[in-house]
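Residues in the sequence shown are numbered consecutively from 1, following UniProt numbering.
Cβ atoms here follow ideal geometry from the backbone N, Cα and C, with glycine treated the same way.
On a predicted model such as this, the values are computed, not experimentally measured, just so you know.
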Amino acid sequence: MVCFLLQYNYEGSDISDLSVDLSVVWNGNFNIDNPYNIQAHLYKCSAQRESCGVCLKADSSYDCGWCVQDRKCSLRLECAQPEHTWMHATAGNSRCTFPRITKLYPETGPRQGGTRLTITGENLGLQFRDIQNGVRIGKVSCQPIEEEYISAEQDECSCSACGQEETCLSYRVQEAQVEVCVRDCQPEYRAISPKAFTFVSPYFTRVLPSFGPVSGGTRITILGSHLNAGSAVSIKIGLNTCRFERRSGREIVCVTPAGLGLGGSPVMVDINAAELRNPEVKFNYTEDPSITRIEPDWSIASGGTLLTVTGSNLATIREPKMRAKYGSVTSVNNCTVVNNTVMVCLVPSVSGSEWGFSEAGTGPDEIGFIMDQVQTTLVLNQSFSFYPDPVIETFGLSMLELKPGSTLILKGKNLIPSAAGNHRLNYTVLIGDKPCVLTVSETQLLCELPNLTGQHKVIVLAGGFLFTPGSLQIYTDSVLTLPVIVGIGAGGGLLLLFIIVILIAYKRKSRDADRTLKRLQLQMHNLEARVALECKEAFAELQTDIHELTQDLDGAGIPFLDYRTYAMRVLFPGIEDHPVLKEMEVPAEVEKGLSLFGSLLKQKRFLLTFIRTLEAQRSFSMRDRGNVASLIMSALQGEMEYATAVLKQLLADLIHKNLESKNHPKLLLRRTESVAEKMLTNWFTFLLYKFLKECAGEPLFMLYCAIKQQMEKGPIDAITGEARYSLSEDKLIRQQIDYKTLTLQCMNPESEGMPEVSVKCLNCDTITQVKEKLLDAVFKGTPYSQRPSATDMDLEWRSGRMARIILQDEDVTTKIDNDWKRLNTLAHYQVTDGSAIALVPKQNSAYNISNSSTFTKSLSRYESILRTSSPDTLRSRTPMITPDLESGTKLWHLVKNHEHPDPREGDRGSKMVSEIYLTRLLATKGTLQKFVDDLFETIFSTAHRGSALPLAIKYMFDFLDEQADKHSISDPDVRHTWKSNCLPLRFWVNVIKNPQFVFDIHKSSITDACLSVVAQTFMDSCSTSEHKLGKDSPSNKLLYAKDIPHYKNWVERYYADITRMPAISDQDMSAYLAEQSRLHFNQFNSMSALHHIFSYITKYKDEILSALERDEQSRRQRLRSKLEQVIDTMALPS
């Protein structure tokens, strides 16, 4: 049977070959049987075969080949001049040009070699012999492994040791490019990795904890450097293997094996061929813990009661747990080790057991303690009893009503277990959230009501038992008594008399009104002149300091964060080590499933349906919306053009929904309440990084430096964070603080032979504040994360070569007045101008104090105290910025807590009106004005500092204008507000308030408060509404009241200039987005991002599958069946 030639098609390019049913119809309506289920196969050479290597390894029956001229996979007849430009695998010498390496794993390895390096890419040979001798790392050979070779796509090789080659000499860390040559190393057959492989020298320095039971099971952390290098790691404690759990660059976590005996055992780490040894690091095996007594030896079925457990060697266990088994229920609860012989445990609950509990007490099947791998404590041969939970009667259907001060009676049974001994079950009865005074009997709980009125829920607590018998209404009598009536009458008479006195006083005062007004005007004039002079002097001084700080600061000197860290801080704020930054090890089936899911996610209809379905679920929280948006943008980092198309569709839907629901159009994009709004923030984050580095970053960093410099010129309270100079009223010290500027000569902590650095400090600075200023001066220009921490350094005051003293925030000389303890300052130690000081690493032994008599007289009293005290005692009193709970003392620095009634030195209770110090806000604002103006001018300019307007801004603003035209919105204020909510509010305000998202810096609380004021001013400048100012207006709005209209003109001009600019063509925008994708496609682990996105598929599987079934386009594209295939593939490993 021969059929006529027909052409068959199927939609899409994501399926390379498709099996379809085949049937033969006889005489118009009779189907001939097909018992062997013979099918026809339709295929497209170009589908899923975008590279030459993948094309040539296709099934030979398809007869697909690579058309060199068209750079695509095709049939021979589809290629022009096939004799010269069409390659086929059957030609024995076929070889693809321009191989490419896309990924290396791992990216680091030990110098000793042995690392199995996996190289992924395109056109990496068609047969193993093509690359058998062609893989090198720098000048180091890497031998390919034939069993792991995947034609054209992946090669795995074993690295040689990095010995005497030039690449490896005299470096702890050395980078080298990976090179793959296909048969020979001609340029068109050679691939060089875009990212270098790094040879490192891993080492470890200590292990925490350093001891544990001889039975093993202790989870230890091995600390060091480059510990995540190589492809395999093994750890041994002595001769036995420590079970590996995880590792990073600085630590390896494993669980110890059982020891061969007590005492120290060496810790040995092997990373590939590198054998890491440190004879100073040992893990000490101690005797296993033992349990001798449990008191009390009973609890209720719900557990939760406290037990005191006595034994030996308990401190060797970090996380002990109590365990109980009764019937089919086995549960555990936490214990806390008090010392080596005592720990306190919460009894686990066995109330879910199918077996009952006797009123005389029921013994569990097993009782014991989980203490690492110690077996002797797992099941104890000790008596223990569980008694039935208390039974409390409910209030019934009606609400119970009582008067204040009356007694609530709760009836029940089993309230006092019939256990021997003096221990009793502790009850707590809450009326609302306040406890009542209880009296407990065998059948009743008598509760004296707290001073409350209204309706409150009653909750009974006993250990892990919780029961709510009902709600209680506490009401008061509202009848007025005779004393109340008399009081009201007397009060009315006094009020009338007071009004008469006020009228007389007002008449008398009105005569002096003119003279008072003139006097106030004169005082205001003098005050303004004084503030202006102070501003001028402060600005000149700040300009000098800023010039000194930035005189060698070019674009490379600003401590910009790399793209990856910057993006992560915006996408996932507060999560430093997010899984999308790590390689994810999953079974092959899961990896296959995630690859299929990634392909499905790149189908626009599926992604839109997925997002809309999630947002329709009530349990899909605001946090989930932000998380999903960030994960999607992470997964699509290499597909920015597609991500932009999805974002535009989501924004168009959001605009339509907003207008359809009759909400005010100005509310659009105001808050992050949808996935689209968070995706918009992330979109700008990705695309404006270059603009930040080349243009806007410099004035933002200068503003941060100016604020920091100006704040540190005056006193800053180390406890409250308040400062003499501030833009925020909440962080302003409202009293006069006497202080003096000291110039200290600081010795370089890295090398004492280096020249001394002159550092300006205040005599009222605490020791920690002085250390921070010294570190800022010594490590000027060094990123914050690369310099030492103040907590790791000690401040040493030196006089001559021998006399030295360690200064601390708290020591034996700290002043204590009643219950207030004042932090030590330079003035406390009587440090003088020009003194020599040094930053030294924090010591754990004793003070280095000389017996020399050359020490200055001002140190004599501290010297005598230190010599007659135990150095270990002194060192143990480390500075603490918290109240001393044992002694009841409270710490203070410059001002005491404002609630404290003591009106003496340092207290805010001064009779002087504190509002007069608000003029300092004006002085600080005037000093910083130029830096605020520079930042705003840079942001609101289409061409500034030699940098053109980013295409992303023009493109998004044009999109918003198109949507406004589509919905017939002509109100310019609405269009203005949409743009302000889209870019300034969504991106710039976040960057201004959080410069640590862009730079490697530390932001103090006072700097944060000042930046918040600047950010609020920025928001007000972008608003179209007018702010009516009055005496009760916030100080930050009053502070910039005259500047905001000026800034608003800048914003309007900026938006108008962007509108007048020529529109960006789709071709230019596509090229721009493709370039951004190419630059950053490997910044995040897309597999990890897909894995986290898939968790939402799992959670809302039924709803998503239903939505795909209801949608007509989704049905045509068979999206439901594709998703079901992904779900089935992901479920296979389980």
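- Per DSSP, the beta-bridge partners of Asn334 are Lys321.
- Gly598: member of the alpha helix (DSSP H) spanning Ala588 to Leu601, first to last residue.
- Rounded to whole angstroms, the Cβ separation of Phe357 and Pro404 is 38 Å, and the two are not in contact under 8 Å.
- Within its own chain, the residues whose Cβ lies closer than 7 Å to the Cβ of Thr924, once the five positions on either side in sequence are excluded, are Gln710, Tyr725, Ser726 and Leu727, listed in chain order.
- Annotation: Ala1074 is outside any beta strand (DSSP E); the continuous alpha helix (DSSP H) that includes it extends over Asp1066 to His1080.
- A residue is called buried when at least 16 other Cβ atoms come within 10 angstroms of its Cβ; Lys457 does not meet this threshold and is exposed.
- Taking a 10 Å sphere around the C-beta of Ser299, we find 16 or more other C-beta atoms and assign the residue as buried.
- For the 8 Å CB-CB criterion, Gln177 and Gly138 form a contact.
- Per DSSP, the unbroken alpha helix (DSSP H) holding Tyr566 starts and ends at Tyr563 to Leu571.
- Sequence-distant Cβ neighbours of His976 in its own chain, meaning closer than 6 Å and more than five residues away, are Thr1024.
- Out of Gly311, Glu772 and Cys345, the CA that lies nearest to the CA of Arg787 is found in Glu772.
- Across the structure, Glu1112 and Leu1123 are spaced so that their CA atoms are roughly 16 Å apart.
- Taking C-alpha positions only, Ser215 is separated from Asp372 by approximately 8 Å.
- Here the alpha carbons of Leu775 and Ala790 stand approximately 8 Å from one another.
- Within the stretch 336–394, complete alpha helix (DSSP H) segments of at least 4 residues are not found at all.
- Contact check for Leu687 against Gln154 fails: the beta carbons are separated by 8 Å or more.
- Sequence-distant partners of Ile291 (beyond 5 residues in either direction) whose C-beta falls short of 7 Å from its own C-beta, in its chain, are Val309, Gly311, Phe369, Thr377 and Leu380.
- Collapsing the DSSP output to three states places Pro755 in coil.
- In this model, Arg250 and Thr120 are separated by some 27 Å (Cα to Cα).
- Note: Asp21 is bridge-paired with Gln39 in the DSSP secondary-structure output.
- With contacts defined by Cβ atoms closer than 8 Å, Thr613 and Tyr1100 form a contacting pair.
- Burial state of Arg49 is buried, judged by a 10 Å Cβ sphere holding 16 or more other Cβ atoms.
- Membership of Pro213 in the beta strand (DSSP E) is indicated by the continuous run Phe211 to Pro213.
- Boundaries of the beta strand (DSSP E) harbouring Ala838: Ala836 to Pro841, taken from the DSSP string.
- According to DSSP, Lys103 shares a beta bridge with Thr120.
- The DSSP-derived three-state label of Asn27 is coil.
- Of the residues assessed, Leu262 falls on the exposed side of the cut-off, its CB having fewer than 16 other CB atoms within 10 angstroms.
- Nearest Cα to Val460 within the set Leu667, Tyr427 and Pro450: Tyr427.
- For Met702, the enclosing alpha helix (DSSP H) starts and ends at Gly697 to Met711.
- Between Leu22 and Ile38 the beta-carbon gap is near 6 Å, inside 8 Å, which marks them as a contact.
- Where Ser265 is concerned, there is no enclosing alpha helix (DSSP H), although the beta strand (DSSP E) around it starts and stops at Gly263 to Ile271.
- For the 8 Å CB-CB criterion, Glu729 and Ser1035 form a contact.
- The Cβ neighbour count for Tyr566, taken over all protein chains shown within 10 Å, is at least 16; the residue is labelled buried.
- Between Val182 and Pro99, the CB-CB gap stays under 8 Å.
- Here the C-alpha atom of Pro417 lies approximately 21 Å from the C-alpha atom of Arg323.
- Rounded to the nearest angstrom, the gap between the Cα atoms of Arg798 and Leu894 is 26 Å.
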